[in-house]
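Working notes, structure below.
There are 2 protein chains.
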Amino acid sequence: MTVEPGKIDEHPPDLSIRAIRGLPEIRPGDDLAGMLADATTYEDHDVLVVTQKVVSKAEGRLVDIDFDDPRGHKAIVEDESVRILRRRGDLIISETEHGFVCANAGIDLSNVEAGQAALLPVDSDRSARRIRDVVRARTGAEIGVIISDTFGRPWRRGVTDVAIGSAGIGPILDLRGHPDALGREMQVTEVAIVDELAAAAELAMGKSAGIPAAVVRGAPAEWFRSGGVVDEIVRSPSEDLFR
Amino acid sequence: MTVEPGKIDEHPPDLSIRAIRGLPEIRPGDDLAGMLADATTYEDHDVLVVTQKVVSKAEGRLVDIDFDDPRGHKAIVEDESVRILRRRGDLIISETEHGFVCANAGIDLSNVEAGQAALLPVDSDRSARRIRDVVRARTGAEIGVIISDTFGRPWRRGVTDVAIGSAGIGPILDLRGHPDALGREMQVTEVAIVDELAAAAELAMGKSAGIPAAVVRGAPAEWFRSGGVVDEIVRSPSEDLFR
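Residue numbers (the numbering used here), protein chains in the order written: chain A, 153 to 395; chain B, 153 to 395.
What follows is the structure, encoded as structure tokens:
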């Protein structure tokens, strides 16, 4: 069968992703939310994805660390963990107070001044709400905000960005009860759209260019609601088969 | 400090994602690659993301299944698995012959005709190469192709799309030895860009509209090289802490 050529070029892209360039190096106490609000124009239903590192820096979540002393690094990781799942060499897979399972309790050494490490925000959903509120107050736009971080995964090599905080956008898109294209009830029912948005934004930001945020435009209105990552994405130990 | 307003609006989006609409229901033996080649125009360095389900259908990877008999479903899952990791109720987390760890060996019941289930492609990297070759032959464009599927993850609720096959685009972007924005060597070194691209494409395709493919435009030229998902993304049991 033949499909009409050029068909998809008749409609605009469903989504676009634009990195926010030109922000200065962020330091403790900086008004990151205000800088992000001023850095571009926003439309309703834009999704602003901000990397954990600049949020942690602005919130002063930095600790001194002696890189010549592996015990120092280990002590900080253990301090930021509520449960250690695995150890191999210097690598610790642990659960943070938020409930995130990740390497080294999410403590980050890259793109941080020498001698310092960045801890995760204390409450990354609250960090997202603050940015959302400031953008709304300054621009009038009702946007979603995602705080992203870079996690490894079991079974698959390579890291991807996921959401560790969100505001204004529902972390999980619940399709339970929706029919599929053939009219049958969906088997796959709960899509972690904030994780997919964090991954999409990472593609535009990269890791070595110092770009700390990106705007995803084109998300459907029905994705926007209240709810946070810690409540909706973190799987409770009782329903988790791998803890 | 003040950032010049409107700064990011001066440059075009870094990435855009466009769903491919208008494809018919795919059946065993259909020339899916040809249909995808004809369905739109391509530019060099576009990434075409195609869902596993239509690839499996076109390749005839369908089996009859009696939904009233849970033993029938279980037998098919076990048949498609080389190792069972966990069981809970009807859910089986297992490793497929490709090395993917996922629920029910990746066997899919939604958007498939009643009474049938779709198995994973036998060699999903080869499936991607075939589509890449046909698009190149018909359009002249050098594109990347990703076969995507929807997987759950431990520790986090909700599913996301990941890559189960690829061609023309390097599954892992290796940043080892690259300096970060502050000139220090990167801590995070290997980014699973094909998984992030699969996730980004899912956002434009959705799960209930019957859209089986999307084109991501704007990927940097250096992402394009040979290599497949099974070789580069599947983590060997010896380096895996959770198998």
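We put the beta carbon where it would ideally sit given N, CA and C, even for glycine.
Keep in mind that this is a model prediction, so the values were computed, not measured.
Residues bridged to residue i (per DSSP)
i, result
"ARG170(A)", "VAL367(A)"
"ILE245(A)", "ARG238(A), ALA255(A)"
"SER388(B)", "According to DSSP, SER388(B) bridges with nothing at all."
"GLU342(B)", "ASP326(B)"
"ALA269(A)", "VAL215(A)"
"ALA319(B)", "VAL297(B)"
"THR233(A)", "Thr is not the amino acid found at residue 233(A); the sequence shown has Ser there. Answer is THR248(A)."
"ARG308(A)", "VAL386(B)"
"PHE303(B)", "THR312(B)"
"ASP260(B)", "ALA270(B)"
"THR203(A)", "SER300(A)"
Test item: CB-CB of residue i and residue j under 7 Å
i, j, result
"ALA266(A)", "ILE217(A)", "no"
"VAL207(A)", "PRO273(A)", "yes"
"ILE385(A)", "PRO165(B)", "no"
"ARG309(B)", "ARG387(A)", "yes"
"GLY317(B)", "ALA280(B)", "yes"
"ALA210(B)", "ILE178(B)", "yes"
"ASP347(A)", "ALA315(A)", "yes"
"ALA371(A)", "ALA351(B)", "no"
"GLN95(A)", "ILE283(A)", "This structure leaves residue 95(A) out entirely; chain A is present only between 153 and 395."
"LEU271(A)", "ARG223(A)", "no"
"TRP375(A)", "ILE324(A)", "no"
Same chain, Cβ closer than 7 Å to residue i, five either side skipped, listed in chain order
i, result
"VAL382(B)", "HIS250, GLY251, ASP277"
"HIS225(A)", "ILE217"
"THR228(A)", "Note on residue identity: the sequence assigns Ile, not Thr, to residue 228(A). Cβ within range, chain order: VAL215, ILE217, ILE259, ALA269."
Distance between residue j and residue i (C-alpha atoms, nearest Å)
i, j, result
"GLU156(A)", "ALA191(B)", "With a pLDDT of only 49 at GLU156(A), under the threshold of 50, the placement of this residue in the model should not be trusted; the figure read from the coordinates follows. Going from the Cα of GLU156(A) to the Cα of ALA191(B) covers about 6 Å."
"ASP183(B)", "THR312(A)", "33 Å"
"ARG235(A)", "THR248(A)", "7 Å"
"ASP220(A)", "GLU232(A)", "20 Å"
"LEU167(A)", "LEU167(B)", "8 Å"
"ALA319(A)", "SER378(A)", "6 Å"
"GLU361(B)", "ASP285(A)", "With the sequence shown as reference, residue 361(B) is identified as Ala, and Glu is not the correct amino acid for it. For ALA361(B) and ASP285(A), the distance between alpha carbons rounds to 33 Å."
"ARG395(B)", "GLY174(A)", "43 Å"
"LEU349(A)", "GLY181(B)", "35 Å"
"PRO389(B)", "LEU261(A)", "28 Å"
"GLU230(B)", "LYS359(B)", "26 Å"
"ASP301(B)", "ASP198(A)", "26 Å"
"THR305(B)", "PRO176(B)", "Note on identity: in this sequence residue 305(B) is Arg, with Thr being the wrong assignment. Between ARG305(B) and PRO176(B), the C-alpha separation is close to 31 Å."
"ASP275(A)", "ASP275(B)", "43 Å"
"VAL202(A)", "VAL368(A)", "11 Å"
"HIS330(A)", "GLY380(B)", "34 Å"
Close beta carbons around residue i, own chain, < 8 Å, minus the five adjacent residues each side
i, result
"ARG290(A)", "GLY186, ALA189, ASP190"
"LEU243(A)", "ALA255, ASN256"
"VAL287(A)", "ALA185, LEU188, ALA189, TYR194, LEU200, ALA293, ILE295, VAL297"
"ILE160(B)", "Reliability of the predicted coordinates at ILE160(B) is poor, the pLDDT of 45 falling under 50, and no value is obtained from them."
"ILE245(B)", "ILE236, LEU237, ARG238, ARG239, VAL253, CYS254, ALA255"
"GLU391(A)", "none"
"GLY241(A)", "none"
"VAL264(B)", "LYS205, LYS209, LEU214, ALA270"
"GLY158(A)", "Any reading at GLY158(A) must be qualified, since the residue scores a pLDDT of 45, below 50, and its modelled position is unreliable; no value is offered."
Contacting residues, own chain, Cβ-Cβ under 6 Å from residue i (five flanking each side not counted)
i, result
"CYS254(A)", "PHE303"
"MET357(B)", "ALA171, ILE363, ALA366"
"ASP196(A)", "ALA293, GLU294"
"LEU393(A)", "none"
"GLU354(A)", "ASP313"
"TRP307(B)", "none"
Amino acids of chain A, ordered along the chain, whose beta-carbon sits closer than 8 Å to that of residue i
i, result
"LYS226(B)", "In chain order: nothing, as chain A lies at least about 16 Å away."
"ALA210(B)", "None at all; the shortest Cβ gap to chain A is about 12 Å."
"ARG238(B)", "LEU393, PHE394"
"ILE324(B)", "ARG309, GLY310"
"PRO331(B)", "SER360"
heavy atom of the ligand COA below 6 Å from residue i C-beta
i, result
"ILE259(A)", "Of ligands this structure carries none, so the ligand COA is not represented either."
Chain B contact residues for residue i, given Cβ-Cβ distances below 7 Å
i, result
"ILE217(A)", "Going along chain B, no residue has its Cβ under 7 Å from ILE217(A), so there is no contact; the nearest lies around 12 Å."
"GLU384(A)", "ARG309"
"THR312(A)", "ALA344, ASP347, GLU348"
"ARG387(A)", "TRP307, ARG308, ARG309"
Contact list for residue i against chain B, beta-carbon separation under 8 Å
i, result
"SER168(A)", "PRO165, LEU167, SER168, ILE169"
"LEU327(A)", "LYS359, SER360"
Partner residues on chain A for residue i, Cβ-Cβ distance less than 7 Å
i, result
"LEU355(B)", "LEU167, ILE345, GLU348, LEU349, ALA352"
"ARG305(B)", "ARG305"
"VAL253(B)", "TRP307"
"ILE245(B)", "LEU393"
7 Å Cβ cutoff, residue i in contact with chain C
i, result
"LYS359(A)", "Although the question refers to chain C, the structure presented lacks it and instead comprises the protein chains A and B."
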